[in-house]
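Here the sequence shown is numbered in my numbering, starting from 420 and rising by one per residue.
Beta carbons: idealized from backbone N, C-alpha and C, even for Gly.
Comments concern the structure below.
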Amino acid sequence: ARMAGVGDPNDAGWTWTLPSQYPDLIPLGGGIPDAPTIPTEQFREALNAVLDEEADDAMVYGGWTGFDGLREVMADRQNRIEGLDLDADNFIIHNGSSAAMDNIAKGFINQGDVVIVEGPSFSGIVETIQAYLAEVVEVPIDGDGISLEAVASAIAEAESAGKTVKMIYTIPDYHNPTGVTMSDSRRRALLDLCAVHRVLLVEDGAYSELYFDDAAPRSMYALSDGYGVMRVGSFSKVAATGLRIGWVQARHEITSALSKVRYDMGTSPILLRAMARYLKTGHLETHVAEMRDLYALKCRTLCDSLEEHCAQYVRFTRPEGGFFLWLECIGASASEVRVAAAEEGLIFPSGSTFFHDPDKGGDRYLRLAFSAASVEQMIQVGPRLATAFR
Numbered sequence: 420a421r422m423a424g425v426g427d428p429n430d431a432g433w434t435w436t437l438p439s440q441y442p443d444l445i446p447l448g449g450g451i452p453d454a455p456t457i458p459t460e461q462f463r464e465a466l467n468a469v470l471d472e473e474a475d476d477a478m479v480y481g482g483w484t485g486f487d488g489l490r491e492v493m494a495d496r497q498n499r500i501e502g503l504d505l506d507a508d509n510f511i512i513h514n515g516s517s518a519a520m521d522n523i524a525k526g527f528i529n530q531g532d533v534v535i536v537e538g539p540s541f542s543g544i545v546e547t548i549q550a551y552l553a554e555v556v557e558v559p560i561d562g563d564g565i566s567l568e569a570v571a572s573a574i575a576e577a578e579s580a581g582k583t584v585k586m587i588y589t590i591p592d593y594h595n596p597t598g599v600t601m602s603d604s605r606r607r608a609l610l611d612l613c614a615v616h617r618v619l620l621v622e623d624g625a626y627s628e629l630y631f632d633d634a635a636p637r638s639m640y641a642l643s644d645g646y647g648v649m650r651v652g653s654f655s656k657v658a659a660t661g662l663r664i665g666w667v668q669a670r671h672e673i674t675s676a677l678s679k680v681r682y683d684m685g686t687s688p689i690l691l692r693a694m695a696r697y698l699k700t701g702h703l704e705t706h707v708a709e710m711r712d713l714y715a716l717k718c719r720t721l722c723d724s725l726e727e728h729c730a731q732y733v734r735f736t737r738p739e740g741g742f743f744l745w746l747e748c749i750g751a752s753a754s755e756v757r758v759a760a761a762e763e764g765l766i767f768p769s770g771s772t773f774f775h776d777p778d779k780g781g782d783r784y785l786r787l788a789f790s791a792a793s794v795e796q797m798i799q800v801g802p803r804l805a806t807a808f809r
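Here you go:
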């Protein structure tokens, strides 16, 4: 990692906070679920049941692919959501989606391989890719998702230089940090482009279930039947970040290969068995439906507040799901606004954090996460941010 130049405080998001004397801080920094609604009691029941009834099996190593019972329930659930024909062996479970991506990088990236990522993107995953000494190539996104023209150009440039373009990493649904959702036509065209050039596609579905009205277009995994596509998922955003349960969804030959380059003895059998019980109750479906309504209300309230008080200072597009609102500052330095906003009790990261090359952001963007703060706090964001701009 030191050779790759990763591992500084920016990578962990430690610089997303700033000192503030404001008595009522509004947390807009991290993409974390609404704390009061986390299904703690239901998960406690599942966890206690595991300890009461399955302790002998739950207290030993669980294997590299994860508890079979959870993988079976996950396969059934995903089959219902997308009409697929998955089984347990289409999943390998990890300690969160970041560990899942680390497994993918370890299994497929060789030193010097080109990996194409969106600019901006989730910096934690990009740094994971860089840690395997890949050449990270950043391409822009627009209102329909990753730019196909930029991807095609990046592939052509790399191939002309004799380099291997190994994979593309994308967040197609309610993108972090921009909130953009990739259109169906863009997904199909991207799959075609990857097939022609034999480039693997890693699809991050962390926010896919958190739509506000209509569901996002079908996943690229579903569109391709998994050929050339690995889908990364997590329960962190739909349930609780502390669960640390993520996974890779892929065809059997891929999950088999990934299990052979995994050396961490697997994920907690206790937690995986508890999650399997929780999923079987159907409580997650009810919880996710409630969260869609709550996050939609939070997002709508935030956007209304900004439109009322900050229309002259920022531009943005209302997202259709997820956790994030991406602001473009009009005629002001985003980094300076961020510091001034902290004095008004607003805590959020600068957009430059999410670019592999920070200069590409041009100090124009801010990311506001609306998932953790309350609806009442969302109302206050517009007036406070307007004061920061002044």
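Check whether residue i and residue j have beta carbons under 8 angstroms apart
{"i": "Y640", "j": "E739", "result": "no"}
{"i": "C813", "j": "L804", "result": "Examination of residue 813 is not possible in this model, given that the chain is present from 420 through 809 alone."}
{"i": "D443", "j": "G764", "result": "yes"}
{"i": "V584", "j": "E628", "result": "no"}
{"i": "L466", "j": "A693", "result": "yes"}
{"i": "L677", "j": "L642", "result": "no"}
{"i": "I565", "j": "T589", "result": "yes"}
{"i": "H775", "j": "V534", "result": "no"}
{"i": "E762", "j": "Y441", "result": "yes"}
Exposure of residue i, with buried meaning 16 or more beta-carbon neighbours within 10 Å
{"i": "K679", "result": "exposed"}
{"i": "Q497", "result": "buried"}
{"i": "R617", "result": "exposed"}
{"i": "T720", "result": "buried"}
{"i": "N595", "result": "buried"}
{"i": "H513", "result": "buried"}
{"i": "E727", "result": "exposed"}
{"i": "P559", "result": "exposed"}
{"i": "Y697", "result": "buried"}
{"i": "Q731", "result": "exposed"}
{"i": "G598", "result": "buried"}
{"i": "A792", "result": "buried"}
{"i": "R463", "result": "exposed"}
{"i": "A550", "result": "buried"}
{"i": "G770", "result": "buried"}
{"i": "M797", "result": "buried"}
{"i": "V615", "result": "exposed"}
Nearest residue (CA-CA) to residue i, options the options
{"i": "K717", "options": "G750, P768, S790 and R737", "result": "S790"}
{"i": "S540", "options": "T772, D782 and S517", "result": "T772"}
{"i": "G562", "options": "A474, D712 and S604", "result": "S604"}
{"i": "D778", "options": "E557, Y441 and I544", "result": "E557"}
{"i": "L690", "options": "P455, Y588, D495 and G515", "result": "G515"}
{"i": "I457", "options": "A807, V758 and L713", "result": "L713"}
{"i": "A635", "options": "G624, P559 and I560", "result": "G624"}
{"i": "I500", "options": "Q461, G450 and R637", "result": "R637"}
{"i": "I544", "options": "E622, I766 and E473", "result": "E622"}
{"i": "M493", "options": "L725, A751, E704 and D776", "result": "E704"}
{"i": "L505", "options": "A550, R607, T674 and A553", "result": "T674"}
{"i": "A608", "options": "D632, K699 and A569", "result": "A569"}
{"i": "I511", "options": "G665, T806 and A807", "result": "G665"}
{"i": "T459", "options": "L725, V479 and L662", "result": "L662"}
Rounded distance between the beta-carbons of residue j and residue i, thought under 8 angstroms
{"i": "A695", "j": "F486", "result": "6 angstroms"}
{"i": "V648", "j": "V667", "result": "The pair is not a contact, with the Cβ atoms about 11 angstroms apart (cut-off 8 angstroms)."}
{"i": "G481", "j": "G685", "result": "5 angstroms"}
{"i": "H671", "j": "D508", "result": "5 angstroms"}
{"i": "P768", "j": "G448", "result": "6 angstroms"}
{"i": "R809", "j": "L785", "result": "About 16 angstroms separates the two Cβ atoms, so there is no contact after all."}
{"i": "A553", "j": "D521", "result": "Contact flag wrong, Cβ pair sits at about 13 angstroms."}
{"i": "Y626", "j": "G741", "result": "4 angstroms"}
Rounded straight-line distance, which links the Cα of residue j to that of residue i
{"i": "S542", "j": "P446", "result": "19 angstroms"}
{"i": "E795", "j": "E576", "result": "50 angstroms"}
{"i": "C722", "j": "F735", "result": "9 angstroms"}
{"i": "T484", "j": "D476", "result": "16 angstroms"}
{"i": "S754", "j": "D782", "result": "6 angstroms"}
{"i": "L620", "j": "F527", "result": "12 angstroms"}
{"i": "M422", "j": "Y682", "result": "With a pLDDT of 49 at M422, under the threshold of 50, the modelled position of that residue is not reliable, and the figure given next carries that caveat. Near 22 angstroms, if we compare the C-alpha coordinates of Y682 and M422."}
{"i": "G780", "j": "I587", "result": "20 angstroms"}
{"i": "A454", "j": "S653", "result": "17 angstroms"}
{"i": "V469", "j": "D592", "result": "34 angstroms"}
{"i": "T600", "j": "A518", "result": "24 angstroms"}
{"i": "A760", "j": "S752", "result": "12 angstroms"}
{"i": "G450", "j": "L787", "result": "9 angstroms"}
{"i": "C613", "j": "A524", "result": "18 angstroms"}
{"i": "Q530", "j": "L489", "result": "34 angstroms"}
{"i": "D495", "j": "D644", "result": "16 angstroms"}
{"i": "F743", "j": "A807", "result": "20 angstroms"}
{"i": "S655", "j": "Q461", "result": "16 angstroms"}
Residue i at chain B interface by Cβ criterion, 8 angstroms
{"i": "H594", "result": "The structure shown contains no chain B, having only a single protein chain."}
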